[in-house]
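**Q** Chains as they are written, first to last, in the numbering used here: chain A, 1 to 292; chain B, 1 to 292.
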DNA sequence: TTCAATAGTTCTCAAAAAGAGAATCTTTTG
DNA sequence: CAAAAGATTCTCTTTTTGAGAACTATTGAA
């Protein structure tokens, strides 16, 4: 932010507003005004002026231009943890009231793949047995989902693998049988198809490939599961995924699967949430639909 | 608040604003819209509409009319502690930045009596040796000051007696010699003059009177120390106060003092503050001017 | 019972603030 | 050096806020 020209009367001491804090946090988290304006769906100029307002209210600069990026000042760094805490309390206050009212929204983070295969059944059950919970789905990659939980962007999320963090509670949801998928005619190129950065299957596939010593193989990245399976069905390569991805897939008949072995055989998918989350009972209700 | 007519689209979910929370807290603390509007210096209609806005944002009622007073609903009671915590964090965030900037405001609560006698010297020293601290004085009775500290209305306060509360830090400031004050000619009516509710001297005086077994004596309440001393000088009664109150007082020559004994002899006045206060070093600087 | 005082709400209008979009400036990148 | 990316500034419109007056309901006193 550039210093406000030279308005002699800097009105310091006015009350900070939450919209300013939310904007501030978004700018920090999304590393810039552009990202923040997308996240908060508004235009850049608004973000810019909200930050300027906040800077005026506090009487200090929070960012400084470094090239064409913004950089937190010392005061900005000081404010950030307070902003997070205040916004979290705001959310908790609302949650507390919603819970008391009986009706509340539960924001569920999930990778697209999980949303397509495993989630629908659980959501149906949730609606039937816990109609006071209004689920809202937020899709992102496993990697992004972990920060989304930390961030309180979502109340809980389904992610692959194990989370080693004391701030989270992790409930096992499903175990996916991991398989190597090839064209059903047995002819395929030695190319490993994977999904983009952040996908749980990608990590599993790369780990498997590494242990097999096939690191020199060509890697092919695609953003959708269907895209990957289509290419594999066409004999352009092979992939590693959960078996469930293949069943009922449009290419199912053209694909052959082979179960992985040992520690690659299964991918544990867990439902995680922060352990100070007020919506815990709702989350456990959701988890109950995955109980064995 | 009366239910908003029947605006079909209740816009629930908008961000809570701090001004709303501050207003909400003020209405609760001051037990009504009137008090809150005085405290936040604005008109009643604004308070009323801010509360209605907040109620809309949350989608619930926070108050209900009980006669011509407002009463917190269950949801209001739920919100209150969050509001307090959020507002306190806001204050702390600002403090953190101010401290980092070097300059900061220290709001000092004091009874009028203390402000007149003991405080000026310390403020002078503070200004000389810690010019980065900008002291602001808030006067109220000892009783009110304790809640003001709890409330974060003030950063610290001078109060009589001992505070038994783990949330406070208490630094001894001065010890006042308590004396019984009468007209210098020895003739006075058996009437005890005291200051209004909440005054530290009043409590001391009443405690002494009780132990002397003079509870049947007439009690006369006056709002100012000078008023009390004037009446006592005129022989209308006697009073119990700190000796310092008499020294250099306009009526000094017409008054006789007699030291109290035992546990009545001294009144400890301490500087208290919340132990999570960021301005601790400033407060200790203030206290240092009272060190023995 | 009536009347004044008190507390809260509603309504209206003017002033202030916030948002959208276009234009501008600056740095980075190809 | 041109194009792209990111941030800021400016303008205009819409929305929100606030002050004040009028209104309603309760309380308390004469």
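Idealized CB from N, CA, C, for every residue including glycine.
Taking only three categories from DSSP, how would you classify residue 153 of chain A?
**A** If DSSP states are grouped into helix, strand and coil, residue 153 of chain A belongs with coil.
**Q** Any C-beta of chain A within less than 8 angstroms: which residues of the stretch 98 to 123 of chain B qualify?
**A** Listed in sequence order: 100 and 101.
**Q** Under the three-state reduction of DSSP, which class applies to residue 266 of chain B: helix, strand or coil?
**A** DSSP places residue 266 of chain B in strand when its eight states are reduced to three.
**Q** Once DSSP output is grouped into helix, strand and coil, what is the label at residue 251 of chain B?
**A** Reduced to three states, the DSSP call for residue 251 of chain B is coil.
**Q** Which same chain residues end up closer than 6 angstroms to residue 130 of chain A when comparing Cβ atoms and leaving out the 5 residues on each side of it in sequence?
**A** Same-chain partners within the cutoff: 285.
**Q** Return the chain-ordered list of same chain residues with a C-beta closer than 8 angstroms to the C-beta of residue 232 of chain B, the five sequence neighbours on each side being excluded.
**A** Same-chain partners within the cutoff: 181, 182, 183, 188, 193, 238, 239, 251 and 255.
**Q** Under 8 angstroms, do residue 89 of chain B and residue 86 of chain A count as touching if we go by C-beta distance?
**A** Yes, the Cβ-Cβ distance between residue 89 of chain B and residue 86 of chain A is below 8 angstroms.
**Q** How many whole angstroms separate the CB atoms of residue 191 of chain B and residue 229 of chain B, which I take to be in contact at a CB cut-off of 8 angstroms?
**A** Wrong, their Cβ atoms sit about 14 angstroms apart, outside the cutoff.
**Q** Could you spell out the range, first to last residue, of the beta strand (DSSP E) harbouring residue 168 of chain B?
**A** Segment 168 to 183, the beta strand (DSSP E) holding residue 168 of chain B.
**Q** Counting along the chain, where does the alpha helix (DSSP H) carrying residue 195 of chain B start and finish?
**A** Counting along the chain, residue 195 of chain B falls outside any alpha helix (DSSP H), though it belongs to the beta strand (DSSP E) covering 191 to 195.
**Q** Return the CA-CA distance between residue 262 of chain B and residue 213 of chain B, expressed in angstroms with no decimal places.
**A** Distance between the alpha carbons of residue 262 of chain B and residue 213 of chain B: 16 angstroms.
**Q** Quick one: Cα of residue 68 of chain B to Cα of residue 30 of chain B, how far?
**A** The alpha-carbon atoms of residue 68 of chain B and residue 30 of chain B are separated by roughly 15 angstroms.
**Q** I'd like to know whether the C-beta of residue 43 of chain B is nearer than 8 angstroms to at least one C-beta of chain A.
**A** It does not; no Cβ of chain A falls within 8 angstroms.
**Q** Taking Cβ positions only, does residue 291 of chain A come closer than 8 angstroms to chain B?
**A** It does not; no Cβ of chain B falls within 8 angstroms.
**Q** Could you tell me whether the Cβ atoms of residue 93 of chain A and residue 79 of chain B are closer together than 8 angstroms?
**A** Their beta carbons are under 8 angstroms apart, which means residue 93 of chain A touches residue 79 of chain B by this criterion.
**Q** Going by CA-CA distance only, name the one from B/111, B/275 and B/126 that's closest to residue 134 of chain B.
**A** Taking only the C-alpha atoms, the option nearest residue 134 of chain B is B/126.
**Q** Could you tell me which chain B residues have their CB closer than 7 angstroms to the CB of residue 85 of chain A, listed as they occur along the chain?
**A** Residues of chain B passing the Cβ test: 89.
**Q** Name the residues in the stretch 57 to 78 of chain B whose C-beta lies less than 8 angstroms from a C-beta of chain A; which are they?
**A** Those residues of the stretch 57 to 78 of chain B that come within reach of chain A (Cβ to Cβ, closer than 8 angstroms) are 58, 59, 60, 74, 75 and 78.
**Q** Got a sec: is the Cβ-Cβ distance from residue 16 of chain A to anything in chain B below 8 angstroms?
**A** Chain B contact via Cβ: present.
**Q** Report the rounded CA-to-CA distance for residue 210 of chain A versus residue 174 of chain A, giving the unit in angstroms.
**A** If I take the Cα positions, the gap works out to 25 angstroms.
**Q** Identify which residue in A/247, A/56, A/270 and A/225 has its Cα closest to the Cα of residue 112 of chain A.
**A** Minimum Cα distance to residue 112 of chain A is reached at A/225.
**Q** Just to confirm the assignment, what range does the alpha helix (DSSP H) spanning residue 200 of chain A have?
**A** Unbroken alpha helix (DSSP H) run through residue 200 of chain A: 200 to 212.
**Q** Drop a sphere of 10 angstroms on the beta-carbon of residue 65 of chain B, count the other beta-carbons inside from all chains shown, and report buried for 16 or more, exposed for fewer.
**A** Exposed: under 16 other Cβ atoms inside 10 Å.
**Q** Taking one C-beta from the stretch 101 to 118 of chain A and one from the stretch 33 to 47 of chain A each time, how about it: are there three or more such pairs within less than 8 angstroms?
**A** They do not touch, by the three-pair rule.
**Q** Can you find at least 3 beta carbon pairs, one from the stretch 45 to 56 of chain A and one from the stretch 260 to 275 of chain A, that sit closer than 8 angstroms?
**A** The stretch 45 to 56 of chain A, when compared against the stretch 260 to 275 of chain A, does not touch it at the 8 angstroms Cβ threshold.
**Q** Using a cut-off of 7 angstroms between C-beta atoms, extract the partners of residue 92 of chain A located in chain B.
**A** Chain B residues near residue 92 of chain A: 82.
**Q** Buried or exposed for residue 132 of chain B, going by 16 or more other Cβ atoms inside 10 Å?
**A** Under this definition residue 132 of chain B is an exposed residue.
**Q** Within the same chain, show all residues whose beta-carbon is closer than 7 angstroms to that of residue 144 of chain A, passing over the 5 residues directly before and after it, in chain order.
**A** Result list for residue 144 of chain A: 198, in chain order.
**Q** Is residue 178 of chain B closer than 8 angstroms to residue 266 of chain B when the C-beta atoms are compared?
**A** The answer is yes: Cβ separation under 8 angstroms.
**Q** Just to confirm the assignment, what range does the beta strand (DSSP E) spanning residue 47 of chain B have?
**A** Segment 44 to 58 is the alpha helix (DSSP H) holding residue 47 of chain B; no beta strand (DSSP E) there.
**Q** Got a sec: which bits of the stretch 193 to 208 of chain A sit with their beta carbon under 8 angstroms from any beta carbon on chain B, in order along the chain?
**A** Those would be none; no residue qualifies.
**Q** State the CB to CB distance for the pair residue 117 of chain A and residue 244 of chain A, rounded to an integer number of angstroms; the pair is presumed to be in contact (CB under 8 angstroms).
**A** Yes, residue 117 of chain A and residue 244 of chain A are in contact; Cβ-Cβ is about 5 angstroms, under 8 angstroms.
**Q** Just to confirm my understanding: we take residue 169 of chain A, look at its own chain, exclude 5 residues before and 5 after, and list those with CB closer than 6 angstroms. What are they?
**A** Same-chain partners within the cutoff: 273 and 275.
**Q** Between the alpha carbons of residue 119 of chain B and residue 95 of chain B, how many angstroms are there, rounded?
**A** Taking the straight line from one Cα to the other gives about 23 angstroms.
**Q** Compare the beta carbon distance of residue 157 of chain B and residue 137 of chain B with 8 angstroms and say whether it is the shorter of the two.
**A** Cβ atoms of residue 157 of chain B and residue 137 of chain B: not closer than 8 angstroms.
**Q** May I have the straight-line CA-CA distance separating residue 32 of chain A from residue 25 of chain A, to the nearest angstrom?
**A** The straight-line gap from Cα to Cα measures roughly 10 angstroms.
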